[in-house]
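Quick note: the sequence shown uses our numbering, first residue 105, plus one each step.
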Amino acid sequence: MDPSATEDVPGSIAEPGSALAPDDGTVDERTIDPDPMIQFGLWYRRASEVVVAPESMALATADAQGRPSVRMVLLKSWGDDGFVFFTNYDGRKSHDLIANPQAALLFYWEPLGRQVRVEGAVTRTTDAESDAYYASRDIATRVGAYASHQSQPIASRVDLDASVEHWTTELRDGAVPRPPWWGGWRITPRAYEFWQQGQYRLHDRVRYEADGPAWTIDRLQP
Ligand SMILES: Cc1cc2nc3c(=O)[nH]c(=O)nc-3n(C[C@H](O)[C@H](O)[C@H](O)COP(=O)(O)O)c2cc1C
């Protein structure tokens, strides 16, 4: 599902009139949906009503020595097979993910006082999936993927603009195919936490952990 494709959240998750409990601004281990992706859909749908870019998420990675780093990326699809974002396979985050294929995601939806944490293993999206998403981007963005060596130093903005100009000319007559160093990563969740701000710092926290095909659900102290 592509959260940015339409105003509404497409797909079968949390359709109005489903059996889900109404979103009354609370989270409780007794009434939360047993499937965390359905719960995510419920919260994502609500966030889409009040947050400009609910798909913005922090992505934490760690290098081969376990040294962490974090940056924002955009969630481009999510569903039963996980959470997908797209990037350069040659940048710092991808180097981390190649060396250490584990990641954590964080969504913070301030007007709702909510955060969602996701942890899991990562895999590359298929070439077909990356091709399809790349082809959906506007031409300037596609050219940008050629012009920028993500995470590498460059002498100046002028040099970056010159690289864009070079690639714009170079790719002028072609279809601008997806460069092999650009594509998606998928996080397959192993754990989630749904956090709802409460009064007096007595926040509600519900954690899911994968237990084979099932999920164990625990309330955590704030
Ligand atoms: C709101 C927001 C969304 C972003 N989305 C993406 C994205 O989807 N993919 C991406 O490669 N970089 C994205 N960026 C830029 C990254 O935060 C980061 O600067 C870049 O990916 C290089 O990170 P790295 O050097 O750790 O690989 C985004 C930045 C912001 C502020």
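Just so it is clear, CB atoms sit at the ideal spot from N, CA and C, and this is done for glycine as well.
| Asked | Found |
| --- | --- |
| T229, buried or exposed, once every other Cβ within 10 Å from all chains shown has been counted against 16 | buried |
| Three-state class that DSSP yields for P215 in the structure shown | helix |
| Cβ pair Q254, N192 closer than 8 Å | yes |
| A125 - DSSP class collapsed to helix/strand/coil | For A125, the predicted structure reports a pLDDT of 49, less than 50, and the residue's modelled location is therefore unreliable. A value from the coordinates is still provided. Coil, per DSSP. |
| C-beta atoms of P205 and A225 nearer than 8 Å | yes |
| L178, enclosing beta strand (DSSP E) - first and last residue | P172 to L178 |
| Span of the beta strand (DSSP E), counted from its first residue to its last, around L163 | S160 to A166 |
| Simplified DSSP state of L306, which is helix, strand or coil | coil |
| Heavy atom of ligand 1 within 7 Å of L324 beta-carbon | no |
| Supposed close pair V131, W213 - CB separation, criterion 8 Å | No, V131 and W213 are not in contact; Cβ-Cβ is about 13 Å, not under 8 Å. |
| Counterpart residues of Q300 in DSSP-defined beta bridges | R218 and D308 |
| beta-carbon G195 near ligand 1 non-hydrogen atom, thresh 7 Å | yes |
| Same chain, Cβ closer than 6 Å to S252, neighbours up to 5 away in sequence not counted | none |
| Reduced DSSP category for I142 - H, G, I as helix; E, B as strand; rest coil | helix |
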